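**Student:**
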Amino acid sequence: MVSTKSSWRGSSGCIRYHPRAGREGRLTAEQAKDKLETPPPSLQATEKYPKAAVICSCMTEFLRTSDLHKKTGGVHSAALYSTNGKRIVFFNEIGRHNAVDKLIGYAVRKPLSLAEAMILSTGRLSSEILSKAIAAKTPVVVSEASPTSLAVVMAWESGIVMIGNVRGRKFRVYSGREYVKE
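Position one of the sequence shown corresponds to residue 3 (the working numbering), numbered consecutively onward.
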């Protein structure tokens, strides 16, 4: 995590904005943007984004449900939540990508629109996971881990709200801070 002068903190201290993220080959966000060959399509802006308190409570519940992840450290969890905080589905899987694949597969089979949903994950938010969120038209991705630089660029380009490093009532907004309200 690179802390910059453009950090932003909401009045309750719950939200922190960082325009740069973790490592994807130690690229800066600008270098990662140059590597992005074709920008992903922008998502349709939805009026219904989750409030900071909803994000924190969803992650708390999600991590409580992820006891296999907690016990083993070798299993990842992923869940879909509505933007008003209702859990839709939860999966454990060996790979973080597979856990997200299960979520999207569940939504496709239902069929279920993800236009007002959030993907929560215990794993690092990589460009591959962002590609899946973009394809599923999911406007919000949240993780207890930090994202990669390229994933942040993809979130900016596609209009996805990306939140990482969720710890209790604090988290960092890497993309879409204007949509996350106190």
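Virtual Cβ for every residue (Gly too), placed ideally from N, Cα, C.
Please read these numbers as outputs of a predicted model, since none were measured by experiment.
(1) Ser-123 bridges to which residues according to DSSP?
(2) Applying the criterion that 16 or more other CB atoms from any shown protein chain within 10 Å of the CB defines a buried residue, is Thr-150 buried or exposed?
(3) Tell me the rounded alpha-carbon separation between Ser-123 and Gly-178.
(4) Could you give the DSSP three-state label for Val-182: helix, strand or coil?
(5) Please tell me whether Lys-139 and Leu-105 are closer than 7 Å, where the distance is taken between their beta carbons.
(6) May I ask you to report which of helix, strand or coil DSSP gives Ser-151?
(7) According to DSSP, what are the bridge partners of Val-163?
(8) Anyone know if the C-beta pair for Met-61 and Val-168 falls short of 7 Å?
(9) For the alpha helix (DSSP H) holding Lys-104, just list the boundary residues, first then last.
(10) Quick check on Arg-126: buried or exposed, where buried means 16 or more other Cβ atoms within 10 Å of its Cβ?
(11) In this structure, does DSSP put Lys-73 in helix, strand or coil?
**Tutor:** This is what the structure holds:
(1) Ala-80, Ser-145
(2) buried
(3) 18 Å
(4) coil
(5) no
(6) helix
(7) Val-142
(8) yes
(9) 98-111
(10) buried
(11) helix
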